[in-house]
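Worksheet: the structure to be examined is printed underneath.
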Amino acid sequence: RMLHKNIVVVDKGAIEGKGLLVNNLIKKDEVVFRLEPNEPTYLIVELLKMTPEEQEKLTHYAYQTDEDVMTSVQGDERYMNHSCDPNTIWIDDDTLIASRDIQPGEEATYDYATAEVKFPFAMECHCGSPNCRKAVTNFDYRDPAWQAKYGKMLPRHTLKAIAEWNASVATEKRT
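Each residue of the sequence shown is one higher than the last, beginning at 266 in my numbering.
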């Protein structure tokens, strides 16, 4: 199973559409989600050649899993909503753990921008957290405050994008 046993899908999540409701305590550092290796993948360069409608069909329940790859999630975990103050965090490229105790009745969430850095992505945010960014994009990783919040608890492709961005900014400042 790719999703923690204490999570159920609800038709109306607290944030938007379907969501993942925690029905029993999930303790800090417990695995909440782990990507299985057999999920369908798409090269970003190929997706970019498609019409917006074709892209949406393939990527609605997908996220960036490598520098050039999107993975379409097929199980219930596809209903994990975004939050600007998520209760999960990445420990490697495939695994989200609870960043704090997640109480029964809470929705399991992650910050979509933690994985999306290359494929064009932008959405209006309705998470309702006090630090809501109001918009989430594939460029959020460029913000120093966002980088400080997540530190190294990000997939490798996101860490690489941050390093490349920060190096380019440093180079611009020197010239």
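No residue lacks a Cβ here, since even glycine has one placed at the ideal position from N, Cα and C.
Give a yes or no on whether the C-beta atoms belonging to residue i and residue j are separated by under 7 Å.
i, j, result
"Gly284", "Val275", "yes"
"Leu206", "Thr374", "The requested residue 206 is not part of the displayed model; the chain covers only 266 to 440."
"Ala363", "Val434", "no"
"Thr306", "Val287", "no"
"Glu295", "Met267", "no"
"Asp358", "Pro420", "yes"
"Gly416", "Asn346", "no"
"Asp408", "Ala378", "no"
"Ile309", "Phe384", "yes"
Return the Cβ separation of residue i and residue j in integer angstroms, given the expectation that the two are a contact with Cβ distance under 8 Å.
i, j, result
"Val382", "Cys390", "Not confirmed; about 17 Å, so no contact."
"Ser337", "Glu304", "6 Å"
How long is the line joining the alpha carbons of residue i and residue j, rounded to whole angstroms?
i, j, result
"Trp411", "Tyr326", "24 Å"
"Glu332", "Cys397", "27 Å"
"Tyr328", "Met418", "17 Å"
"Cys392", "Glu429", "29 Å"
"Gln320", "Lys399", "24 Å"
"Ser394", "Lys293", "19 Å"
"Ala218", "Ala426", "The question about residue 218 has no answer, for the chain in this structure spans 266 to 440."
"Asn289", "Asn271", "5 Å"
"Arg343", "Lys322", "14 Å"
"Arg299", "Asn431", "29 Å"
"Lys436", "His422", "Just to set this straight, residue 436 is Thr in the shown sequence, not Lys. Roughly 21 Å separates the two Cα atoms."
"Pro317", "His269", "33 Å"
"Asp341", "Ile291", "17 Å"
"Asn403", "Ser348", "15 Å"
"Gly282", "Gln339", "17 Å"
"Asp376", "Ile356", "14 Å"
"Leu424", "Ala380", "10 Å"
"Thr324", "Thr330", "12 Å"
Let me check one thing: in DSSP terms, what residues is residue i bridge-paired to?
i, result
"Glu389", "Ala400"
"Ala426", "None; Ala426 has no bridge partner."
"Met335", "Tyr307, Gln329"
"Gly284", "Val275"
"Ala413", "Beta-bridge pairing links Ala413 to no other residue."
"Arg299", "Thr360"
"His442", "Residue 442 cannot be examined here, being either before or after the span of the chain that is shown, 266 to 440."
"Thr374", "Asn346"
"Thr353", "Ala363"
Check: Looking at C-beta atoms only, is the number of pairs between the segment 363-370 and the segment 304-319 that lie closer than 8 Å three or more?
Finding: The segment 363-370, when compared against the segment 304-319, does not touch it at the 8 Å Cβ threshold.
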